[in-house]
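**Student:**
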Amino acid sequence: MQRRPPLDEERVDALALLLFLLALWVIDLANRGGHNALLGVLLSLPGGDKIGHFFVYGLLAAFLDAALRWRMWSLLGGLSAPAAAVWVLGFGLLEEASQFFTQTRTPDAIDLLANLAGVWVCCLLGRRLARRLGHLKA
Numbered sequence: 005m006q007r008r009p010p011l012d013e014e015r016v017d018a019l020a021l022l023l024f025l026l027a028l029w030v031i032d033l034a035n036r037g038g039h040n041a042l043l044g045v046l047l048s049l050p051g052g053d054k055i056g057h058f059f060v061y062g063l064l065a066a067f068l069d070a071a072l073r074w075r076m077w078s079l080l081g082g083l084s085a086p087a088a089a090v091w092v093l094g095f096g097l098l099e100e101a102s103q104f105f106t107q108t109r110t111p112d113a114i115d116l117l118a119n120l121a122g123v124w125v126c127c128l129l130g131r132r133l134a135r136r137l138g139h140l141k142a
């Protein structure tokens with residue numbers, strides 16, 4: 005019988021928190037019209053803003069999903085979704101809506117789609133890895 009590697013819960017929780025703080029920092033920087041070297045390179049790429057949305061929200065959702073131990077929530081109509089996906093997409097929706105109140109940013113539905121795609125792909129891959137390692141039942 006193969007033993008599963010232990011899930012370092014404290015490390016996963018810390019990474020989820022770190023990614024959330026990173027997202028808050030990037031949002032604050034963008035709201036103030038600022039950049040750093042990494043954001044400058046990312047924004048200089050075609051679709052770089054969307055790539056950033058995909059990975060920031062996707063990785064945040066994947067690590068939060070593990071930190072919440074892959075908890076599922078029942079939604080309307082008998083659907084269910086990872087609790088982390090609901091939280092992260094809700095946060096992304098609020099963040100896009102907040103852009104109506106800033107002079108340096110403009111809300112964009114394509115950003116929301118990039119968030120959704122990142123959350124979906126990263127949660128799917130994270131759950132697949134968790135199943136493979138034996139942390140999540142099939």
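Counting in the working numbering, the sequence shown runs from 5 upward without gaps.
Heads up, the beta-carbon is just placed ideally off N, CA and C, and yes, glycines get one too.
Tell me P86's beta-bridge partners as DSSP assigns them.
**Tutor:** Here residue 86 refers to the residue found at position 82 of the sequence shown. For P86, which the question treats as bridged, DSSP gives the partners M76.
**Student:** Contact between the stretch 30–40 and the stretch 106–114: three or more CB pairs below 8 Å?
**Tutor:** With the cut-off at 8 Å, the stretch 30–40 and the stretch 106–114 touch.
**Student:** Rounded to a whole number of angstroms, what is the C-alpha to C-alpha distance between V16 and A71?
**Tutor:** As a first step, residue 16 is located in the sequence shown; it is residue number 12 there, counting from the start. As a first step, residue 71 is located in the sequence shown; it is residue number 67 there, counting from the start. Their Cα atoms are separated by approximately 6 Å.
**Student:** Would you identify the three-state DSSP class for R135, choosing helix, strand or coil?
**Tutor:** Position 131 of the sequence shown, counted from the first residue, corresponds to residue 135. Residue state, collapsed to three classes: helix.
**Student:** Quick check on K141: does DSSP put it in helix, strand or coil?
**Tutor:** Position 137 of the sequence shown holds residue 141. In this structure, K141 counts as coil in the three-state DSSP scheme.
**Student:** Assuming V125 and V92 are in contact, meaning their beta carbons sit under 8 Å apart, how far apart are those beta carbons, in whole angstroms?
**Tutor:** Here residue 125 corresponds to residue number 121 of the sequence shown, with the count starting at 1. Here residue 92 corresponds to residue number 88 of the sequence shown, with the count starting at 1. Rounded, the Cβ-Cβ distance is 13 Å, inconsistent with contact.
**Student:** Could you give the first and the last residue of the continuous alpha helix (DSSP H) run that contains H39?
**Tutor:** For this step, residue 39 is matched to residue 35 along the sequence shown. Taken as a continuous stretch (DSSP letters only), H39 belongs to no alpha helix (DSSP H), as it is neither H nor E.
**Student:** Can you look up D32 in the DSSP assignment and give me helix, strand or coil?
**Tutor:** By 1-based counting over the sequence shown, the position of residue 32 is 28. D32 falls in the helix class under three-state DSSP.
**Student:** Could you check what DSSP says for L145 in three-state terms: helix, strand or coil?
**Tutor:** Outside the displayed range of the chain (5 to 142) lies residue 145, so it cannot be described from this structure.
**Student:** Between the C-alpha atoms of A87 and L46, what's the straight-line distance to the nearest angstrom?
**Tutor:** Here residue 87 is taken as the residue at index 83 of the sequence shown, counted from 1. Here residue 46 is taken as the residue at index 42 of the sequence shown, counted from 1. Straight-line Cα distance between these residues: approximately 29 Å.
**Student:** With DSSP as the reference, label Q1 as helix, strand or coil.
**Tutor:** This structure leaves residue 1 out entirely; the chain is present only between 5 and 142.
**Student:** How many Å lie between A121 and D12 at the Cα?
**Tutor:** The residue given as residue 121 occupies position 117 in the sequence shown. The residue given as residue 12 occupies position 8 in the sequence shown. One C-alpha to the other measures close to 27 Å.
**Student:** Short of 6 Å in beta carbon distance, which residues of its chain neighbour A65, apart from the five on each side in sequence? Order them along the chain.
**Tutor:** Locating residue 65 in the sequence shown gives position 61, where the first residue counts as 1. Closer than 6 Å at the Cβ level, and outside the excluded window around A65, lie A88, A89, V92, V123, C126, C127.
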